[in-house]
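The structure under discussion appears below in the form of structure tokens.
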Amino acid sequence: MYAKNLTRTLLALAPLLLAAGCGGGEGEADTMALSGMVAIDGSSTVFPISEAMAEEFQIANPGVRVTVGISGTGGGFKKFCAGETDISDASRPIKPSEIEACAANGIEPMEIPVAWDGLTVVRNPSNDWAVCMTVDELARLWQPGSTVQRWSQIRPDWPDEEIVLYGPDTDSGTFDYFTEAIVGQEDASRDDYTASADDNVLVVGVEGDAGSLGYFGFAYYEESSDRLGAVAVDSGSGCVLPSRETIEDGTYSPLSRPMFIYVKPEALAKPQVRAFVKFYLDNAATLVPEVGYVPLAADRYEESLGGLPPEM
Amino acid sequence: MSEERFHPARERRRRAGLIFRVACLASIGFSIAVLAILIVDVARDGWSWLSVDFLTRYPSRIPERAGIKSAILGSLWMMALTAGISFPLGVGAAIYLEEYAPRGWLTRLLQTNIANLAGVPSIVYGILGLAIFVRFLGFGRSVLAGAATLALLALPVVIIASQEALRAVPNSLREASYGVGATRWQTIRHQVLPVALPGILTGTILSLSRSIGETAPLIMIGALTFIAFAPTSPMDPFTVLPIQIFNWTAKPQAEFHDLAAAAIIVLLVVLLLMNAAAILLRNKYQKRF
């Protein structure tokens, strides 16, 4: 009785088992059954792109585990050069000191540009005066030791209201880039402002304070443009607001900047990391605009794909 | 004569009694009102997002696709490991302090330190965990490092609760056991522990339910990461419910704030279940003397 039942059950299950077996085989042939880890950390500005890539990549390759952390560009490079991560998100090019730190551990970072960002200066929507500022005014406001505390100190016809400043912390690539482009010297900034590595904290801060001013990546501005106003930047040829068009054609200057991922060649030897980087470049044109950034020209991605070291 | 010396003032005393009663009622009313407002607010935002899909999907950048599977599984892993570390250590320490330790200045010093540790802010444990478990012992940003950190946080409460439970065991029980020739170990194993166990379990579960709501120490050890997979070993990276909630509340889109509210409901349900388990255990096994 028991044996009969068992036979019957097995017979009934046989087609299912066969199908499962075949399915598995085909799957392997298609994706080479990728598995293992891809560890990413770094810039919170690049995070939305890497998060989207990680999500889609894991849907396509369920065996691979991708982690994306938010430590800031500088914090990300520290982990990257210590060998803790495979890929580092960066909103500025790597510094010579960081290349040295990497070299000390035998790591040669490979730079891959992935998108354009327009670093956006934001104001509270109730602020109807500072709709456009010159680079010089921004520099006077943000330079180290700046004594500008009230809006009227920037332009006499602006109201005599206190300026509350928000910005990224010193570990952030956005901070490095802004100080370089506006103040003229990297990392030179006044320090009496509310600093946070989390761009959303800055969004909430500027939103809650009528006299406030802050700066961060374009994607975070675009997500919250109903709650914040952008400040147009005048670098000598008129006021330009950040937008996908002005960032792409470079008229939003000097705050348009490329964003990167850095990969170590040893990590590229791992099939899952290599597949992830390829996926990143193949899908950048569709996913980068979806999360609020401006994609590079298509041939830039192909160039990077071609520049990957040959498979081992 | 006696009428003059004794002022009954019954009206005034009764009024004072009434005022005290109303004040007590108001304080419980206030606590419950705050809790109710919180729950109603969270439920209004999050209720419509709760679904089986929400529980079984991984986090996503698209709110409609987002779920808390990795956070729930991470929290379960975290809870199991934290309990596995803090329960034996905590109960062992409590048994030593109550049953073995000589009454002296050293024991008093230990006792005072444990009581103080119970009041240390959780972020301090996070810093400790980062230095010792993540870096020095090389656990990395893994479930194990997180659980070890939370176990440290839970340990003082587990020790103190277990001590209370052991102390509540009547001495006559120990003396009777010694009287029939049992050794100290046999007395503890067969008489004291079974009687104290419900109290020990209740204390442990309550301190664990505090641990699974902790966020700060885990952010400190670097658990603030996008994770869309379930851990399969103690060395895997992880995320937990409170971190997923923190992550979503920090996003600019309002849909994610509602998702966070839905995750808060799930976390509250988990906490309620744990507390209910603690009460059931206590009622089921408690013996009265």
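As you go down the protein sequences, you meet chains A and B in turn.
Residue numbers are given in our numbering: position 282 of the first sequence equals residue 282, and the series is strictly consecutive.
Residue numbers are given in our numbering: position 231 of the second sequence equals residue 231, and the series is strictly consecutive.
Just so you know, even glycine gets a beta-carbon here, dropped at the ideal spot from N, CA and C.
Query, Result
"Which ranges would you report for the alpha helix (DSSP H) in the region 149-183 of chain A if only whole runs of at least 4 residues count?", "173-178"
"In chain order, what are the residue ranges of uninterrupted alpha helix (DSSP H) at least 4 long that sit wholly in the region 11-92 of chain B?", "52-56"
"How would you write the range of the beta strand (DSSP E) that D117 (chain A) sits in, first residue to last?", "M110 to G118"
"For V206 (chain A) and N124 (chain A), which I take to be in contact (beta-carbon distance under 8 Å), what is that distance rounded to the nearest angstrom?", "6 Å"
"Of all Cβ atoms in chain A, is any one closer than 7 Å to the Cβ of A228 (chain B)?", "yes"
"Does the separation of the CB atoms of M259 (chain A) and D117 (chain A) fall below 7 Å?", "yes"
"DSSP three-state label for A250 (chain B), please.", "coil"
"What are the boundary residues of the alpha helix (DSSP H) that N205 (chain B) is part of?", "For the record, residue 205 (chain B) in the displayed sequence is Ile; it is not Asn. Where I205 (chain B) is concerned, the enclosing alpha helix (DSSP H) stretches over L193 to S211."
"Which residues in chain A sit within 8 Å of A250 (chain B), going by Cβ to Cβ distance?", "D198, N200 and V201"
"Would you kindly report the start and end of the unbroken beta strand (DSSP E) that includes D136 (chain A)?", "Premise fails: D136 (chain A) lies in the alpha helix (DSSP H), V135 to W142, not in any beta strand (DSSP E)."
"With 16 other CB atoms within 10 Å as the buried threshold, where does L34 (chain A) fall?", "buried"
"Thinking C-alpha only, which one of B:W248, B:A223 and B:P234 is nearest A39 (chain A)?", "B:A223"
"Quick one: residues in its chain with C-beta nearer than 6 Å to the C-beta of A20 (chain A), no 5 flanking neighbours on either side, listed in chain order?", "Reliability fails at A20 (chain A), whose pLDDT of 40 lies under 50, so the model's placement of it is uncertain and the value that follows must be treated cautiously. Counting only Cβ-Cβ distances below 6 Å, and skipping sequence neighbours, we find nothing."
"Closer than 7 Å by beta-carbon distance: list the chain A residues that pair up with Q253 (chain B), in chain order.", "E223"
"Which of the three DSSP states is assigned to I261 (chain A) in this structure?", "strand"
"Roughly how many whole angstroms lie between the Cα atoms of T149 (chain B) and I243 (chain B)?", "15 Å"
"Report the residues of the region 28-58 of chain A with a CB closer than 9 Å to any CB of chain B, ordered along the chain.", "M37, A39, I40, D41, F47, P48, S50, E51, A52, A54, E55 and Q58"
"The alpha helix (DSSP H) that contains I167 (chain B), what's its start and end?", "It is worth fixing the name first, because residue 167 (chain B) is Arg in this sequence and not Ile. Here the alpha helix (DSSP H) through R167 (chain B) covers V143 to R167."
"Assuming T194 (chain A) and Y166 (chain A) are in contact, meaning their beta carbons sit under 8 Å apart, how far apart are those beta carbons, in whole angstroms?", "5 Å"
"Tell me, which residues are paired with D41 (chain A) by DSSP?", "A:S88"
"Thinking F226 (chain B) and P63 (chain B) are a contact (beta carbons under 8 Å), I'd like their distance in whole angstroms, please.", "Rounded, the Cβ-Cβ distance is 15 Å, inconsistent with contact."
"Taking C-beta pairs closer than 7 Å, name the residues in chain B that R123 (chain A) reaches, listed in chain order.", "Under the 7 Å cutoff, chain B gives no residues; its nearest Cβ is about 16 Å from R123 (chain A)."
"For L224 (chain B), which residues in chain A fall below 8 Å Cβ to Cβ?", "G69 and I70"
"Is there at least one Cβ from chain B nearer than 7 Å to R366 (chain A)'s Cβ?", "Nothing can be reported for residue 366 (chain A), as the shown portion of chain A is limited to 1 through 312."
"From L137 (chain B) to P234 (chain B), what does the alpha carbon distance come to, in whole angstroms?", "14 Å"
"Determine which residues of the region 275-304 of chain A have a Cβ less than 8 Å from any Cβ of chain B, and write them out in chain order.", "V291"
"Using a threshold of 7 Å, state whether the C-beta atoms of A196 (chain B) and L166 (chain B) are closer than that.", "yes"
"Going by the DSSP bridge assignment, what does L213 (chain A) pair with across the sheet?", "A:R123 and A:L165"
"Please check if any C-beta of chain A sits within less than 7 Å of the C-beta of R292 (chain B).", "Residue numbering for chain B in the displayed model covers 1 to 289; residue 292 (chain B) lies beyond these limits and cannot be assessed."
"Alpha carbon to alpha carbon, how far is P252 (chain B) from S60 (chain B)? Give it in angstroms, no decimals.", "14 Å"
"Are the CB atoms of D86 (chain A) and V277 (chain A) within a distance shorter than 7 Å?", "no"
"Can you find a CB in chain E that lies within less than 7 Å of the CB of P237 (chain B)?", "Reference to chain E is not applicable here, since the protein chains of this structure are A and B."
"Return helix, strand or coil for D299 (chain A), following the three-state DSSP convention.", "helix"
"With a threshold of 7 Å on Cβ separation, who are the neighbours of S209 (chain B) within its own chain once the five nearest residues in sequence on each side are excluded?", "L271, M274 and N275"
"For the region 212-237 of chain A, enumerate the residues whose C-beta is nearer than 7 Å to any C-beta of chain B, in chain order.", "Y220, E223 and S224"
"Span of the alpha helix (DSSP H) holding I123 (chain B)?", "S122 to G129"
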